[in-house]
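Report on the structure given below.
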Amino acid sequence: MAVRGAGDELRRIVHVNEEIKSVVATAFKINLMAMNAIFLAKRAGQTALGFGVLSNELRRFATDLQQQMAALREMTYGSVGTVTGMLKQTQLNRVLGRAHAEAVGVGRKLIDEFLRGHSEVMLQHEESLAALNRRLTHMIADTTQLVELGSVLARSAKIEAAYGGAFSVSLMQVSSDFERTIGEIQRSLETISKHQSQEVR
Amino acid sequence: MKTAQVIFEDGDHKWLAIVRDPNRPSYLVDTNEYLVLAGDDAILLDPGGGEVFSAVFSALSTVFDPRRISKLFASHQDPDVISSLSMWLEFNPDIKCYLSWLWGSFVPHFGGDAETFVTIPDGGMDISVGSQRLQAIPAHYLHSSGNFNLYDSGAKILFSGDIGAALLPPGEDGLFVENFDRHIRHAEAFHRRWMGSERAKRDWCARVSRLDIDMLCPQHGAIYRGDDVRRFIDWFGQLEVGVLGA
Ligand SMILES: [Fe+2]
Ligand SMILES: [Fe+2]
Chain E
0 MAVRGAGDEL RRIVHVNEEI KSVVATAFKI NLMAMNAIFL AKRAGQTALG
50 FGVLSNELRR FATDLQQQMA ALREMTYGSV GTVTGMLKQT QLNRVLGRAH
100 AEAVGVGRKL IDEFLRGHSE VMLQHEESLA ALNRRLTHMI ADTTQLVELG
150 SVLARSAKIE AAYGGAFSVS LMQVSSDFER TIGEIQRSLE TISKHQSQEV
200 R
Chain X
0 MKTAQVIFED GDHKWLAIVR DPNRPSYLVD TNEYLVLAGD DAILLDPGGG
50 EVFSAVFSAL STVFDPRRIS KLFASHQDPD VISSLSMWLE FNPDIKCYLS
100 WLWGSFVPHF GGDAETFVTI PDGGMDISVG SQRLQAIPAH YLHSSGNFNL
150 YDSGAKILFS GDIGAALLPP GEDGLFVENF DRHIRHAEAF HRRWMGSERA
200 KRDWCARVSR LDIDMLCPQH GAIYRGDDVR RFIDWFGQLE VGVLGA
């Protein structure tokens with residue numbers, strides 16, 4: 000945190016959180032899409048059995064993703080708390096720094112001690128933020144893998160759609176929607192990873 | 000963390016109430032923060048104390064991108080109203096803070112510089128948020144000597160700061176006033192002791208009676224809706240204020 004301020008860190012967290020929010024909205028959309036796909040597969044009957052199985056899997060994927068994103072958000076709020084502590088320390092350090100410059104004699108020595116104490120507190124904040132960030136990075140990696148699975152499911156659904164007989168066109172449409180929407184999530188996750196890699200270690 | 004609840008919505012014109020933190024330590028007075036959104040712009044009303052910054056920031060981030068907040072409105076100078084200012088500025092150095100001219104050189108002790116503040120003259124002023132024009136309504140001496148409410152004629156909402164405040168016991172702390180008579184007991188001692196001027200009170204009652212108000216939103220306690228708005232103004236008009244002891 001020596002190079003970047005706590006304010007920068009807060010802005011970075013907001014970037015990540017806004018991106019997480021957009022994934023949450025998309026995951027919700029996928030859940031609805033999967034429900035529709037399940038009904039469509041039921042209507043298509045025998046010819047869309049495989050598609051139906053995949054739709055169920057996609058629905059489970061969307062639910063897992065929603066849970067994963069909720070946990071990620073929870074973590075970013077934890078980070079806001081820690082960064083707020085750092086904001087307070089930053090302000091205190093600024094004030095103490097000014098006092099130090101003006102103080103003489105024993106006053107200066109006392110402020111020296113204060114500053115030492117505060118740099119320790121700041122260090123603790125930095126360490127807990129770094130730990131939170133490490134956990135967040137791991138969870139983002141896990142989520143990326145999960146979404147990779149979703150992407151495979153969507154591609155398989157597309158293949159199954161080809162065997163959908165009279166329903167083939169509408170099944171194809173649905174599976175293309177899945178593919179495109181999951182692609183959006185992958186791009187969001189890439190953005191999150193990018194912001195996350197800018198974290199201060 | 001607090002929760003953010005939508006209390007008014009008309010297209011991209013919205014009011015959010017940020018309320019009730021289960022983790023708030025009991026030595027801190029509970030506060031309500033309000034966010035008014037209009038298009039891409041937003042103003043945060045009585046942003047709260049430094050101690051609740053993280054609870055407020057996280058709660059509003061669940062429903063809104065905090066980078067879009069361009070303005071803060073401080074009804075008066077109290078620490079529970081605006082001591083989080085320096086943190087908001089750390090997050091967004093361009094943010095503007097609207098407050099009474101009377102406190103223009105006092106509140107910078109919480110943070111900010113000459114660029115930060117837009118001071119409101121005693122008669123009040125309009126504040127633009129996106130396409131909406133909000134009005135700072137004078138409420139001096141209630142309780143602060145330089146004090147403003149904020150009226151949104153589009154939403155018919157009056158943010159009343161400490162006026163209408165109630166210190167609610169746990170279990171009776173719903174977001175809206177449901178039973179006026181029961182509720183007002185928790186507001187009485189506060190108004191008697193904190194509101195300093197009988198004359199200012201009468202002026203305020205007359206002034207806001209001319210406004211079309213669906214919701215009166217105080218900084219502490221519950222929101223008055225519908226007929227309870229009128230009930231509150233009448234009750235306040237009758238109450239003897241500026242009294243030490245009950
Ligand atoms: Fe106050
Ligand atoms: Fe207050």
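Heads up: the sequence lines are chains E and X, in that order.
If you're matching positions, the first sequence starts at 0 in numbering that gives the first Met the number 0 and goes up one per residue.
If you're matching positions, the second sequence starts at 0 in numbering that gives the first Met the number 0 and goes up one per residue.
Each residue gets a CB set at the ideal place from its N, CA and C atoms; glycine is no exception.
Owing to the predicted nature of the structure, the values given are computational and were not obtained by experimental measurement.
In three-state terms, what does DSSP make of residue i?
i: Val28/X; result: coil
i: Asn201/E; result: Since the displayed chain E opens at 0 and closes at 200, residue 201/E lies outside it and no answer follows.
i: Phe147/X; result: strand
i: Ala135/X; result: strand
i: Asp125/X; result: strand
i: Ser69/X; result: strand
i: Ile156/X; result: strand
i: Tyr223/X; result: strand
i: Lys1/X; result: coil
i: Leu114/E; result: helix
i: Ile162/X; result: coil
i: Met0/E; result: Because the pLDDT of Met0/E is 39, which lies under 50, any placement of that residue in the model is unreliable, and the question is left without a value.
i: Phe52/X; result: helix
i: Arg200/E; result: Because Arg200/E carries a pLDDT of 48, less than 50, the predicted location of this residue cannot be relied on, and the following value inherits that uncertainty. Three-state DSSP puts Arg200/E in coil, outside helix and strand.
i: Ala69/E; result: helix
i: Val151/E; result: helix
i: Phe175/X; result: strand
i: Phe7/X; result: strand
i: Gly91/E; result: The question names Gly, but residue 91/E in the sequence shown is Leu. Three-state result, Leu91/E: helix.
i: Asn35/E; result: helix
i: Asn91/X; result: coil
i: Arg10/E; result: helix
i: Phe63/X; result: coil
i: Leu48/E; result: helix
i: Arg184/X; result: helix
i: Pro78/X; result: helix
i: Ser187/E; result: helix
i: Pro107/X; result: helix
i: Glu239/X; result: coil
i: Val120/E; result: helix
i: Val103/E; result: coil
i: Tyr140/X; result: coil
i: Ser192/E; result: helix
Bridge partners for residue i per DSSP, in chain order?
i: Ala37/X; result: His12/X and Asp40/X
i: Met214/X; result: Ile156/X and Arg224/X
i: Thr118/X; result: Leu98/X
i: Pro17/X; result: This sequence places Ile at residue 17/X; Pro is not what is there. In the DSSP output, where bridge partners are listed per residue, Ile17/X has Ala3/X and Glu32/X.
If we cut at 9 Å on Cβ distances, does residue i have a partner in chain B?
i: Asp64/X; result: Note that chain B does not occur in the displayed structure, where the protein chains are E and X.
Identify which residue in the options has its Cα closest to the Cα of residue i.
i: Gly173/X; options: Leu88/X, Trp14/X and Asn31/X; result: Asn31/X
i: Leu219/X; options: Asp9/X, Glu8/X, Met0/X and Ala16/X; result: It is His, not Leu, that sits at residue 219/X in the sequence shown. Comparing Cα-Cα distances from His219/X to each of Asp9/X, Glu8/X, Met0/X and Ala16/X, the minimum goes to Ala16/X.
i: Thr115/X; options: Asp79/X, Gly103/X and Asp125/X; result: Gly103/X
i: Phe109/X; options: Phe177/E, Lys87/E and Ala43/E; result: Lys87/E
i: Ile212/X; options: Thr2/X, Lys70/X, Ala37/X and Phe7/X; result: Phe7/X
i: Thr46/E; options: Glu17/E, Lys28/E, Ile158/E and Phe113/E; result: Ile158/E
i: Phe50/E; options: Ile191/E, Gly163/E, Ser150/E and Arg186/E; result: Gly163/E
i: Met214/X; options: Ala154/X, Leu166/X and Cys204/X; result: Ala154/X
i: Met138/E; options: Ile19/E, Arg11/E, Glu8/E and Leu9/E; result: Ile19/E
i: Phe93/E; options: Phe113/E, Tyr76/E, Arg59/E and Ser78/E; result: The amino acid occupying residue 93/E in the given sequence is Arg; Phe does not appear at that position. Looking at the Cα atoms, Phe113/E is the closest of the given residues.
i: Ile183/X; options: Phe56/X, Asp227/X and Arg206/X; result: Asp227/X
i: Leu59/X; options: Lys13/X, His142/X and Asp125/X; result: Lys13/X
i: Arg154/E; options: Thr142/E, Asp141/E and Met171/E; result: Met171/E
i: Glu50/X; options: Pro120/X, Gly145/X, Asp40/X and Ser82/X; result: Ser82/X
i: Gly195/X; options: Gly170/X, His142/X and Asp40/X; result: His142/X
i: Gly225/X; options: Phe175/X, Pro46/X, Gly170/X and Ile126/X; result: Phe175/X
Is residue i near ligand 4, going by C-beta to nearest heavy atom under 8 Å?
i: His194/E; result: No copy of ligand 4 occurs in the structure displayed; its ligands are ligand 1 and ligand 2 alone.
Requested in this report: May I ask you to list, following chain order, the residues of the region 4 to 18 of chain E that have a beta carbon less than 8 Å from some beta carbon of chain X?
Outcome: Gly4, Ala5, Gly6, Leu9, Arg10, Val13, Asn16 and Glu17
Query raised in the report: Quick one, what's near ligand 1 if you take every residue whose CB is closer than 5 Å to any heavy atom, in chain order?
Result: Sorted by chain position, residues whose beta-carbon lies closer than 5 Å to a non-hydrogen atom of ligand 1 are Asp77/X and Asp161/X.
Query raised in the report: For the region 63 to 94 of chain X, which residues have a beta carbon sitting closer than 7 Å to at least one beta carbon of chain E?
Result: Asp64, Pro65, Arg66, Ser85, Met86, Glu89 and Phe90
Report task. Give the residues from the region 97 to 124 of chain X that approach chain E closer than 9 Å (Cβ to any Cβ), ordered along the chain. Result -> Under the 9 Å Cβ criterion, the region 97 to 124 of chain X contributes Gly110.
Report task. Identify each residue in the region 103 to 131 of chain E for which the Cβ-Cβ distance to at least one residue of chain X is less than 7 Å, and report them in chain order. Result -> none
Query raised in the report: For the region 85 to 99 of chain E, which residues have a beta carbon sitting closer than 9 Å to at least one beta carbon of chain X?
Result: Flagged, chain order: Leu86, Lys87, Thr89 and Gln90.
Query raised in the report: Going along the chain, which residues of the region 133 to 159 of chain X sit with their C-beta nearer than 9 Å to a C-beta in chain E?
Result: Answer set for the region 133 to 159 of chain X: empty.
Query raised in the report: Name the residues in the region 47 to 80 of chain E whose C-beta lies less than 7 Å from a C-beta of chain X; which are they?
Result: Of all residues in the region 47 to 80 of chain E, only Tyr76, Val79 and Gly80 place a beta-carbon less than 7 Å from a beta-carbon of chain X.
Requested in this report: Give the residues from the region 0 to 14 of chain X that approach chain E closer than 9 Å (Cβ to any Cβ), ordered along the chain.
Outcome: Met0
Query raised in the report: Quick one, which residues of the region 166 to 182 of chain X are near chain E if we go by CB-CB under 9 Å, in chain order?
Result: none
Query raised in the report: Listed in chain order, which residues of the region 33 to 66 of chain X have Cβ atoms closer than 8 Å to some Cβ of chain E?
Result: Gly49, Phe52, Ser53, Phe56, Ser57, Ser60, Thr61, Asp64, Pro65 and Arg66
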